[in-house]
Amino acid sequence: RRGTGAGIPLPFVNRRPRPPRQAKLSRMAVTHLWLSLAAVLRSCAAFNLDVENPTVYCGPEGSYFGYAVDFYLANTTSVSVLVGAPKANTSQTNITEGGSVFYCPWSLNQANCHSIAFDSEGDRPVRLNDTDHQAEFKSHQWFGATVRSHGDTILACAPLYSWRTKEDIPRADTTGTCYLSVGNFSKFVEYAPCRTEFFGRPGQGYCQGGFSADFTKDGKVVLGGPGSFFWQGQVITAVKEEIIKAFYPGYFLSFVRGEKQTRANIRNIYHDDTYKGYSVTVGEFSKDDVEGSSHTHKNRMSIFVFQMGSYFGYSVATMDVNNDGLTDLLVGAPMFMLRDTDGRLEEMGRVYLYLQKGLLDLQPQLPHLTGTQVFGRFGSSIAPLGDLNLDGFNDVAVSCPFGGEDKQGLVLIYNGFSGGVRDKPSQVITGQWASGMLPSSFGFTMRGSQDLDRNGYPDLIVGAFGVDKAILYRSRPIVNTSASLSVYPAMINPEEKHCLLMPNHTHCSVSSGGNPIFQLDRLKQKGAVRRTLFVDSQQPTLQRNVKVPNGARVCHETKIYLRDEKEFRDKLSPIYVALNFSLDPQAATDTHGLRPILNYQTTEFLEQKAQILLDCGEDNICVPDLKLSVQGDRKEVYLGDENALTLTFNAKNEGGGAYEAELYVVLPPEADYSGIQAGVFSRCALTQFFVYCMISLVVCLKLIVLIPYDLQLWAGLRFTVPRLKDTRKTVQFDLQIRSKNENNSHSEMIAYKVEVKVQADVILQGVSRPDKVFFPPQDWRVTKRLEVEQDVGPSIQHVYELVNNGPSRISHTLLELRCPKNLLGHRFMYPLEVTSEGPVNCTTNHTVNPFRLKVRELKEERLSTKPHLVWNKSESQYAVPLWIIILAILAGLLLLALLIYVLYKLGFFKRTEYGTALEKAQLKPQAASEA
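Heads up: the sequence shown is residues -46 to -1, 1 to 885, going by mature numbering (1 follows the signal peptide of the UniProt record, and there is no 0).
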């Protein structure tokens, strides 16, 4: 482990994230709508950043322009932007991708940047024994990977800068180096505290000084060197003025008075690879007005975490989020992992907030801020933003540079409150550039809490080094406002039919030059049926623009009217009037080119309601008394039948008016709805019918808008019950009348039951083959000794057909066959064998074949009983055997030949030759007829 080291990656830039739905005006009652709107335009920080019109700074392609960003306050009247490009090429001799820092003055119409000449020299040599040796290596040093400013001073570092202490050392040490620009670029000095005579990994040789950096409020420089002492890391601090004094051009080693460095822990190797100084920030933690640094480890203050590999401490920031006067600490862990619903670990990222409760007493706020994008690296950068919405609590931005669709990156804005930081973002900014060969890394670095355009609101810079861009988002002015809505009268009487189309009357004066302009849009009613309309628009919606001066209150009145009773049905439910207001998007911008916005905590949606006056007494509450009776045209249903059924209901109201009355019929699962049989209605008609499926089928029949007192109505509903089973003895229909009244709105549930029965019509028919037997049979003789079945007599076959004409099926049937075994004291029928075909089981209570006669192979000729079972009635009769047909034809021909011969002998065919042709023609039919 000591031989190779863990290395300090420049954070994740080479690691790709895994790809992981016109009304007619009627003269009805008119009500007034009062709108009261009060607005205050304050010089406060806007929580919402203007994402529609950002200022985009661009750098050289492939330079990683945007890897580091900061604001630069050259004086009290102007603020510019600093952007680091650690892979940019410069004019330095023989230096490849040495890196640069760009100065970007801000203006409303342009965004130009130029490189700052911190160092114009190439690699400087050192002369030993009259020979020049290359002492430093500036190519690929990543100058500009860290950029920080304090007043007119700029600190820029190259953490991968290397130098070699002796000519016989085969490799250089990555010590890192930094430069200070002071006096608005009037002087540049180098500060390399890790560049010492001690070389190799055990010392500061791999310090990478300037990997992270910050300034205290009084201008002290704080550097992080995570590679020192076998990557234990260290933090180095020095006063800016002392660094300037200690700088001598041409000298590699310098001594800075008052410089402080954390030391190596040589007694415990478990401190190796802890990367102290990977990220640093400053804040007041000891109440002595002297700011200290916070990083992944400090001798007097340690933060412990419990998930290895989460990169806890990758980013740190300090701010007072709960306004208790104590500095709080935020720590990012962009590789924190959570288990998904399947139990698999997913990299989501997390930000921890530690609230300072006392001297070095930091307590975590729960719940922590956790990312929602897999492999999004939530918490890679944390930027304090100041109090954006003027609620007395500072706000913070957290980046998710590989989050969002196409990995274009996200920046999330969180608002502070007395308990810490709210767990839901108030704004999410999405990067404009999708991920290509290299992720855009939008949000990899951020800086806030500075007012660049001097409009009184702090702004935010976001770096996207993957596309060589830095984006400035300016804060828009915020408007704090409140509104109220009232409806008068709240009870509308439909009988008072008056409507005066008069211009709107404004009760409160409005200044014509007032600002801002509010757009009262979507001023409308809730619900599907619009029972009231606005007089001005004769529509259910109305939109107006209202100018409200700063700090003033404006009242506005409009009128709505109730439509004719024929145009709507619902008189019971309240009439809701909703108001939604917003700032006019077409209003002019301010002098800085920004449009104000409403505070995100503003209630922009208001709602009031009015009632329609009902004929229900002084309290306007109708209490119906609904009665229901049901009769059916049958009491029984049969298995296997369609079972047409008609239920006739009689509805009556013996109380106050019942509104929107409906008949609900809950069908048994065996039944289907088939139609309606309209009855006799008084002042009422069936209007609609609905069938829909829930747990069971429910039929909903809308009866009438209003069932007044003592009104009776009846009708019939037709059903079929085709899916009966023999497991239930009854089926039940549940019926009930329901109205929209609040009190006593339902009738009693009526249950109509019909019995389930079985009905079958069974017919038995059959035939014997042969149907006649003549005794004695030919060639049959009586023997005393019976040995074979032919000794008994001829074989007789009986065929039986059982037909069920339904409608129900038969599950068990018994057919009894009785045969005359003896006749006149003599054996008459000899049961030789009993056989069956199909689902039939045949038994007998007599002995079959008692003499054990030998049975022939041809079973069709035996004296046997063969019942044939048919479950359904056959459509055709038994066919005549073919041999009978042939025998009948031959017999007919023989009879005809015999008749002709007899007639011939009798001289029938000898006739006179005289006669007319007609007589001859008549003889043949006559002869044939006589024949």
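Yeah, the Cβ is synthetic: ideal placement off N, Cα and C, and Gly gets one too. Here the structure is a predicted model, which is why all the values come from computation and not from measurement.
Counting C-beta atoms within 10 angstroms of its own C-beta, Y202 has fewer than 16 neighbours from the protein chains shown and is therefore classed as exposed. A direct Cα-Cα distance of roughly 8 angstroms separates G760 from G594.
With a cutoff of 8 angstroms on beta-carbon distance, I691 and V584 are scored as not near each other.
The continuous alpha helix (DSSP H) containing F183 extends over residues S182 to W185. Taking a cut-off of 8 angstroms on C-beta distances, the stretch 708 to 723 does not touch the stretch 625 to 632, as fewer than three cross pairs fall below it.
In this structure the stretch 516 to 527 does not touch the stretch 492 to 505; the number of beta carbon pairs closer than 8 angstroms is below three. Rounded to whole angstroms, the separation of the alpha carbons of K513 and Q492 is 10 angstroms. Taking all protein chains in view, the Cβ of Y265 is crowded by 16 or more other Cβ atoms within 10 Å, so the residue is classified as buried. Per DSSP, L114 has no beta-bridge partner at all. The beta carbon of S527 lies closer than 7 angstroms to those of K694 in the same chain, with the five residues before and after it left out. Between the alpha carbons of D282 and V270 lies a distance of about 11 angstroms. Only buried fits E743, as 16 or more other CB atoms lie within 10 angstroms of its CB. When Cβ pairs closer than 8 angstroms are counted between the two stretches, the stretch 159 to 170 is seen to touch the stretch 99 to 110, the count reaching three or more. The beta carbon of F72 sits closer than 7 angstroms to those of V55, A110, Y133, S135 and F142, all from its chain and outside the five residues before and after it, given in chain order.
Only exposed fits I764, as fewer than 16 other CB atoms lie within 10 angstroms of its CB. If you look at G720, you'll find it in the beta strand (DSSP E) that goes V716 to R723. For I843, the uninterrupted alpha helix (DSSP H) segment begins and ends at L836 to K859. By alpha-carbon distance to Y618, the top candidate from A542, H700, A612 and Q631 is H700. At the C-beta level, A612 and Q666 stay beyond 8 angstroms of one another. For the pair D544 and Y229, the Cα-to-Cα distance works out to about 48 angstroms. Rounded to whole angstroms, T681 and H752 show a C-alpha spacing of 38 angstroms. Apart from sequence neighbours up to five positions away, the residues of its chain that approach V727 with a beta-carbon distance below 6 angstroms are P748, ordered along the chain. Within its own chain, the residues whose Cβ lies closer than 6 angstroms to the Cβ of I383, once the five positions on either side in sequence are excluded, are V5 and V365, listed in chain order.
Under the three-state reduction of DSSP output, V746 falls in the coil class, being neither helix nor strand. Measuring C-alpha to C-alpha distances from R331 to each of P318, L314, L313 and G358 identifies G358 as the nearest. For V794, the closest of L768, C773 and L807 by C-alpha to C-alpha distance is L768. Rounded to the nearest angstrom, the Cβ distance from E213 to I198 is 13 angstroms, too far for a contact under 8 angstroms. Under the three-state reduction of DSSP output, E300 falls in the strand class.
Annotation for P180: I(-39), Q162, F165, G187, Y229, K230, G231 and Y232 place their beta carbon closer than 7 angstroms to its own, counting only its chain and skipping 5 residues before and after. Closest in alpha carbon position to Y224, among S240, V193, P578 and F184, is F184. Note on the stretch 122 to 181: whole beta strand (DSSP E) runs with a minimum of 3 residues are 131 to 136, 141 to 145, 166 to 169 and 174 to 179, in chain order. Bounds of any beta strand (DSSP E) do not take in E195; it lies within the alpha helix (DSSP H) bounded by K194 to A200. For N434, the enclosing beta strand (DSSP E) starts and ends at I432 to Y442. Shortest Cα-Cα distance from F729 to any of R739, F782, K683 and V708 involves F782. Apart from the 5 residues on each side of it in sequence, A126 sits with its Cβ closer than 7 angstroms to the Cβ of F91, S116, W117 and R118 in its chain, given in chain order. Note that the C-beta distance between G76 and A39 is not below 8 angstroms.
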